[in-house]
Amino acid sequence: MSIYNFSGVTPSGKEVSFTEYEGKVLLIANTASKCGLTPQYGDLQKLYEQYGDQGLVVLGFPCNQFAGQEPGTSEEAEEFCQINYGVTFPVFAKVDVNGPDASPLFNYLKEQQPGAGDSSDISWNFTKFLIDRSGRVVARVEPKESPETMSEQIESLL
Numbered sequence: 010m011s012i013y014n015f016s017g018v019t020p021s022g023k024e025v026s027f028t029e030y031e032g033k034v035l036l037i038a039n040t041a042s043k044c045g046l047t048p049q050y051g052d053l054q055k056l057y058e059q060y061g062d063q064g065l066v067v068l069g070f071p072c073n074q075f076a077g078q079e080p081g082t083s084e085e086a087e088e089f090c091q092i093n094y095g096v097t098f099p100v101f102a103k104v105d106v107n108g109p110d111a112s113p114l115f116n117y118l119k120e121q122q123p124g125a126g127d128s129s130d131i132s133w134n135f136t137k138f139l140i141d142r143s144g145r146v147v148a149r150v151e152p153k154e155s156p157e158t159m160s161e162q163i164e165s166l167l
């Protein structure tokens with residue numbers, strides 16, 4: 010089992026196999042548009058612009074599980090981050106990241122990088138996972154940590 014066994018669905022309903030990202034460094038985050046951490050969209054975009062040509066791909070997955078902070082449709086979430094933060098990286102359809110309806114992708118990410126504490130559950134919006142070019146989940150960065158703190162780690166994987 011690897012990250013390449015998974016896929017995501019775009020807001021328009023198109024399935025995207027993660028085999029499309031083989032050989033890339035991936036930064037995957039659960040996102041929300043009405044959260045105090047929402048400005049991290051801008052930080053994620055900066056990383057994508059800075060390292061995209063070297064092989065970094067940022068993947069955003071809107072999630073409404075934390076205080077209902079992604080209340081709109083998947084299309085509205087995608088449009089919000091494009092208009093307000095100039096996001097050009099792929100944004101997928103809304104997913105659950107915890108619980109019985111959690112996305113298999115996020116269950117896998119949590120198994121590979123459980124995080125601190127007793128539970129591997131994602132604690133809030135903008136939990137970030139870093140995947141190397143071989144598809145291994147190498148880091149989990151908690152919500153309050155800015156994506157920019159990952160620059161050194163990203164550079165070492167590129």
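Every position in the sequence shown, counted from 1, becomes a number in this note's numbering once 9 is added. Here a beta-carbon is modelled for each residue, glycine too, at the ideal position from N, C-alpha and C.
- [ ] For residue 46, name the three-state secondary structure that DSSP assigns.
- [x] In the structure shown, residue 46 falls within a coil segment according to DSSP collapsed to helix, strand and coil.
Open item on the list: Assuming contact is defined by CB atoms lying nearer than 8 angstroms, are residue 66 and residue 117 in contact in what I supplied?
Closed with: Not in contact: residue 66 and residue 117 (Cβ atoms no closer than 8 angstroms).
TODO: Would you mind sorting residue 23 into buried or exposed? The rule is 16 or more other CB atoms within 10 Å of its CB.
DONE: Residue 23 is classed as exposed because its beta carbon has fewer than 16 other beta carbons within 10 Å across all chains shown.
TODO: May I ask which residues mark the beginning and end of the beta strand (DSSP E) holding residue 163?
DONE: According to the DSSP assignment, residue 163 belongs to no beta strand (DSSP E) but to the alpha helix (DSSP H) extending over 160-166.
Open item on the list: Rounded to whole angstroms, what is the Cα-Cα separation between residue 156 and residue 52?
Closed with: Cα-Cα distance, rounded: 6 angstroms.
- [ ] Check residue 62 in the structure and name its three-state DSSP category.
- [x] In the structure shown, the three-state DSSP call for residue 62 is helix.
- [ ] Could you spell out where the beta strand (DSSP E) holding residue 92 opens and where it closes?
- [x] Unbroken run through residue 92 is the alpha helix (DSSP H), 83-94; no beta strand (DSSP E).
TODO: Give me the Cα-Cα distance between residue 76 and residue 57, rounded to the nearest whole angstrom.
DONE: In a straight line, the C-alpha of residue 76 is about 28 angstroms away from that of residue 57.
Task: Selection from 143, 146, 45 and 83 that minimises the alpha carbon distance to residue 100 - done: Measuring from the Cα of residue 100, the nearest candidate turns out to be 83.
Open item on the list: For the pair the stretch 119-126 and the stretch 13-22, tell me if three or more CB-CB distances fall below 8 angstroms.
Closed with: Under the Cβ criterion (8 angstroms, minimum of three pairs), the stretch 119-126 does not count as touching the stretch 13-22.
TODO: Find out if the Cβ-Cβ distance for the pair residue 80, residue 33 is shorter than 8 angstroms.
DONE: If you check the CB distance, residue 80 and residue 33 do not come in under 8 angstroms.
Open item on the list: Using C-beta distances below 6 angstroms, list every residue in its chain close to residue 115, excluding the 5 sequence neighbours before and after it, in chain order.
Closed with: Excluding sequence neighbours, residue 115 sits near 106.
Open item on the list: Quick check on residue 10: buried or exposed, where buried means 16 or more other Cβ atoms within 10 Å of its Cβ?
Closed with: Residue 10 is exposed by the Cβ-count criterion.
TODO: Apply the 10 Å Cβ neighbour rule to residue 92 and answer buried if 16 or more other Cβ atoms are within range, or exposed otherwise.
DONE: With fewer than 16 other Cβ atoms from the protein chains shown falling within 10 Å of its own Cβ, residue 92 counts as exposed.
Task: Nearest residue (CA-CA) to residue 70, options 45, 133, 28 and 64 - done: Ranking 45, 133, 28 and 64 by Cα distance to residue 70 puts 133 first.
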